[in-house]
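Undergrad: In the numbering used here, the protein residues as written are 23 to 565.
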Amino acid sequence: MSGLGKGVTAASIGRLLMNRGYKVTAIKIDPYINIDAGLMSPFQHGEVFVLKDGGEVDLDLGNYERFLDVELTRDHNITTGKIYSTVIEKERRGEYLGKTVQIIPHVTEEIKRRIRQSSRTGGCEICLVEVGGTVGDIESMPFLEAMRQLKYEESGNIFFVHVTLAPSTMDGEQKTKPTQHSVKEMRELGLQPDMIVVRCEKPLLGETKHKISHFCDVPVEAVISAHNSEDLYKVPSQLESEGTTKYIMEAMRLFPLDERKDWDSFVKKIDQTQGTVTVAIVGKYTVGSQCADPMEDAYLSIRESLKHAGIEASVKPEIMWVDSEELEAGGAPEILLKDADGILVPGGFGSRGTEGKIKAIQYARERKIPFLGICFGMQLAVIEFARNVCGMEGASSTEFGSTPYPLIAILPEQEKIRQMGATMRLGDYPAHLKEGTLSHKIYGADDVVERHRHRYEVNPQYIKAIEDKGMVFSGTNGDLMEIAEIPGHPFFWGSQFHPEMKSRPGRPSPPFLGFVEAMKARRAQKDGEIAPARSRKVVESIA
Ligand code: GLN
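1) Around the ligand GLN, what residues have a beta-carbon under 5 angstroms from a heavy atom of it, in chain order?
2) Quick one: Cα of Glu-318 to Cα of Ser-34, how far?
3) Determine the closest residue to Arg-221 out of Lys-134, Ser-190, Glu-262, with distance taken between C-alpha atoms.
4) Nearest-angstrom Cα distance between Glu-117 and Arg-135?
5) Considering only the alpha carbon of each residue, which of Gly-194, Val-205, His-232, Thr-201 lies closest to Lys-566?
6) Are there 16 or more other CB atoms within 10 angstroms of the CB of Lys-104, so buried, or fewer, so exposed?
7) Would Tyr-174 be called buried (16 or more neighbouring beta carbons within 10 Å of its own) or exposed?
8) What are the uninterrupted segments assigned as alpha helix (DSSP H) that are 4 or more residues long and contained completely in the segment 320-349, given in chain order?
9) Across which residues does DSSP place Val-196 in a beta bridge pair?
10) The beta strand (DSSP E) with Leu-20 in it runs from where to where?
11) Tell me whether the segment 75-87 and the segment 36-53 touch, counting them as touching only if at least three CB pairs, one residue from each stretch, are closer than 8 angstroms.
12) Taking the alpha-carbon positions, what's the Ser-461 to Ile-505 distance?
13) Rounded to whole angstroms, what is the Cα-Cα separation between Met-446 and Ser-247?
14) What span of residues does the alpha helix (DSSP H) with Cys-146 cover, start to end?
15) Assuming His-474 contacts Gln-518 (C-beta within less than 8 angstroms), just tell me the rounded distance between them.
16) Using C-beta distances below 6 angstroms, list every residue in its chain close to Leu-166, excluding the 5 sequence neighbours before and after it, in chain order.
17) So that I know if they touch, is there some Cβ in chain D lying closer than 9 angstroms to that of Arg-275?
18) Compute the minimum distance between the beta carbon of Gly-120 and the heavy atoms of the ligand NAP, and state whether it is under 8 angstroms.
19) Could you check if Ser-373 is buried or exposed, using at least 16 other CB atoms within 10 Å of its CB as the buried criterion?
20) In the DSSP output, which residue or residues are listed as bridge partners for Val-475?
21) The beta strand (DSSP E) with Leu-566 in it runs from where to where?
22) Smallest Cα separation from Gln-296: which of Asn-56, Ser-336, Glu-489?
23) Per the contact definition of three or more C-beta pairs closer than 8 angstroms, is the segment 257-271 in contact with the segment 497-517?
24) Could you round the C-beta distance between Arg-42 and Leu-279 to whole angstroms and report it? I think they count as a contact, below 8 angstroms.
25) Out of Tyr-465, Ala-543, Gly-458, which has the shortest C-alpha to C-alpha gap to Pro-392?
26) Going straight from the alpha carbon of Phe-7 to that of Gln-294, what length do you get?
27) Go ahead and label Met-208 buried or exposed: buried means 16 or more other beta carbons lie within 10 angstroms of its beta carbon, across all protein chains shown.
28) Check whether the Cβ atoms of Ala-487 and Met-414 sit closer than 9 angstroms, and answer yes or no.
29) Compare the C-alpha of Val-411 against each of Asp-490, Asp-361, Leu-119, Gly-395 and name the closest.
30) Buried or exposed for Gly-36, going by 16 or more other Cβ atoms inside 10 Å?
31) By how many angstroms is the C-alpha of Asp-75 removed from the C-alpha of Asp-469?
32) Mind checking Ala-188: buried by the 16 CB within 10 Å criterion, or exposed?
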């Protein structure tokens with residue numbers, strides 16, 4: 023069933039095989055009809071993850087990139103929409119030579135063709151294929167049939183892992199019936215799992231494992247307990263201690279090529295953080311600051327990036343969700359943002375809640391609270407600066423209608439992209455960093471490449487007026503402004519791109535690390551303490 027952790031299970035297995043020296047990649051199959059996730063609401067489906075080639079994909083691909091430290095492409099996310107549009111195009115071109123075009127074999131052939139093609143990119147040796155949905159869903163049927171055929175055609179090179187749930191009764195008894203039933207459903211489709219990973223609250227008891235083994239025809243060593251883990255990044259070691267890697271490798275006749283330890287050393291650091299910092303995320307998808315954690319999936323990569331940076335800076339960032347509409351309706355930033363050590367304004371679309379976000383940015387700028395603006399957050403920071411520092415009353419973005427000062431607008435550059443069929447600037451683009459700026463310091467480089475997903479840009483017409491008043495565009499791509507910062511502020515930084523898409527465990531995104539370090543310094547100052555020596559260097563260089 024969805025939400026069980028299939029993605030994390032697959033990513034963890036991939037990581038374990040990678041730790042043995044193999045080159046691993048991943049494909050996510052989403053049986054929905056949408057071509058991609060570009061038009062899906064992050065509120066319902068979680069964030070739209072953006073790949074280097076501009077693919078707008080399911081957030082699981084983000085997990086794969088983080089766990090496997092790879093860069094995937096749009097072809098690594100297969101949807102029913104993509105399969106059918108290829109099949110229908112081929113049919114229209116007459117490539118089926120007059121045959122009746124059917125789910126079997128034409129749709130299943132296209133599924134297998136895509137899996138084979140994407141699994142080989144970049145010289146990968148092992149490919150994880152996650153089939154989303156639940157056994158028995160109408161939409162996933164052609165994909166499961168394709169898997170059945172693939173196992174036969176690639177005999178010995180395919181290994182099926184079935185992820186199931188073992189719920190516990192009130193008195194703690196682990197129930198195996200749901201697992202028995204889903205395996206029965208799978209077998210009706212001709213699929214026999216090679217391994218069953220069982221999600222459960224507490225470690226699976228020996229007798230439960232035996233029962234599952236007995237009813238489902240899977241050796242007891244291949245029944246794996248995937249009990250709740252306190253941290254997502256600890257799942258690989260949990261699966262390792264269950265003997266998962268050993269079993270899979272023996273079954274597939276794989277030999278260890280190497281022993282990589284980098285994941286373990288990263289995981290060790292998770293428990294070494296001391297103290298916390300509070301980051302206010304001001305967005306319209308939040309449902310009020312009183313909710314504990316309402317937006318788990320809508321801002322997944324931002325959360326993970328904060329976590330990666332926190333682990334590096336030995337501090338735990340705690341997120342406080344602030345509803346921009348509450349600020350807009352008159353909520354005082356002094357109250358709503360009182361506990362924030364830093365303020366983050368994430369990406370977004372449309373005008374709802376923007377005045378609240380602008381209020382939060384003004385508060386961060388004036389009170390010298392660390393600020394990180396991502397895409398929309400950067401655009402609004404430029405608008406706030408134009409209005410309140412440059413005196414351009416009514417300055418705004420043409421995204422919200424007409425304005426006397428169109429600070430943010432669609433540029434001719436974008437119109438060119440539009441003619442190519444896309445309305446957005448998507449994926450990897452370079453930015454050149456100005457020497458002597460905060461950007462140059464945090465990245466420690468002259469040029470960077472980051473991922474984009476936006477239509478609007480800073481209007482070049484106003485750049486001089488803005489820079490004359492002290493905001494610096496420290497990252498540029500020709501005429502396009504990629505980064506805005508304010509010198510003299512402890513940390514005021516916003517980018518047109520989404521740095522959260524490239525943050526990795528053990529290799530945090532530089533702006534996130536800079537932001538977290540600045541929050542830590544502010545918290546230490548507030549607490550009347552001195553920042554620990556380990557991070558003082560970075561804090562000083564930022565200040
Ligand atoms: N709505 C803005 C644009 O299209 C920002 C998009 C974003 O934050 N990803 O330019």
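Cβ coordinates follow ideal geometry from the N, Cα and C atoms, glycine included.
TA: Taking the coordinates as given:
1) Qualifying residues come out as Gly-369, Phe-371, Cys-397, Phe-398, Arg-475, His-476, Arg-477, Tyr-478.
2) In this structure, the straight-line span from the alpha carbon of Glu-318 to that of Ser-34 is close to 20 angstroms.
3) It is Ser-190.
4) Roughly 15 angstroms between the two C-alpha positions.
5) In this structure the chain extends from 23 to 565, so residue 566 is not present and cannot be described.
6) Of the residues assessed, Lys-104 falls on the buried side of the cut-off, its CB having 16 or more other CB atoms within 10 angstroms.
7) Tyr-174 should be labelled exposed.
8) The segment 320-349 contains these whole alpha helix (DSSP H) runs: 322-334.
9) It is Gln, not Val, that sits at residue 196 in the sequence shown. Its beta-bridge partners are Ser-190.
10) Examination of residue 20 is not possible in this model, given that the chain is present from 23 through 565 alone.
11) Touching, yes, given that three or more Cβ pairs across the two stretches are closer than 8 angstroms.
12) Their backbone Cα atoms lie some 8 angstroms apart in a straight line.
13) In a straight line, the C-alpha of Met-446 is about 44 angstroms away from that of Ser-247.
14) Judged by DSSP secondary structure, Cys-146 falls outside any alpha helix (DSSP H); it is assigned neither H nor E.
15) Yes, His-474 and Gln-518 are in contact; Cβ-Cβ is about 7 angstroms, under 8 angstroms.
16) Here the set comprises Leu-211.
17) Reference to chain D is not applicable here, since this structure consists of a single protein chain.
18) Annotation note on the ligand NAP: not contained in the displayed structure, which lists the ligand GLN as its ligands.
19) Answer is exposed; the Cβ neighbour count stays below 16.
20) As written in the sequence, residue 475 is Arg, which differs from the Val given in the question. Answer is Leu-448, bridged to Arg-475.
21) With the chain represented from 23 up to 565, any question about residue 566 goes unanswered, as that position is not in the structure.
22) Nearest C-alpha to Gln-296: Ser-336.
23) Between the segment 497-517 and the segment 257-271 there are fewer than three inter-stretch CB-CB distances shorter than 8 angstroms, so the stretches are not counted as touching.
24) Beta-carbon to beta-carbon, Arg-42 and Leu-279 are separated by about 6 angstroms, close enough to satisfy the 8 angstroms threshold.
25) Measuring C-alpha to C-alpha distances from Pro-392 to each of Tyr-465, Ala-543, Gly-458 identifies Ala-543 as the nearest.
26) Here the chain covers residues 23 to 565 and nothing more, so residue 7 does not appear.
27) It is buried - the Cβ of Met-208 has at least 16 other Cβ atoms within 10 Å.
28) Yes.
29) Out of Asp-490, Asp-361, Leu-119, Gly-395, Asp-490 has the C-alpha closest to the C-alpha of Val-411.
30) Buried: at least 16 other Cβ atoms inside 10 Å.
31) Going by the C-alpha atoms only, they are around 19 angstroms apart.
32) Residue environment for Ala-188: buried (at least 16 other C-beta atoms within 10 angstroms of its C-beta).
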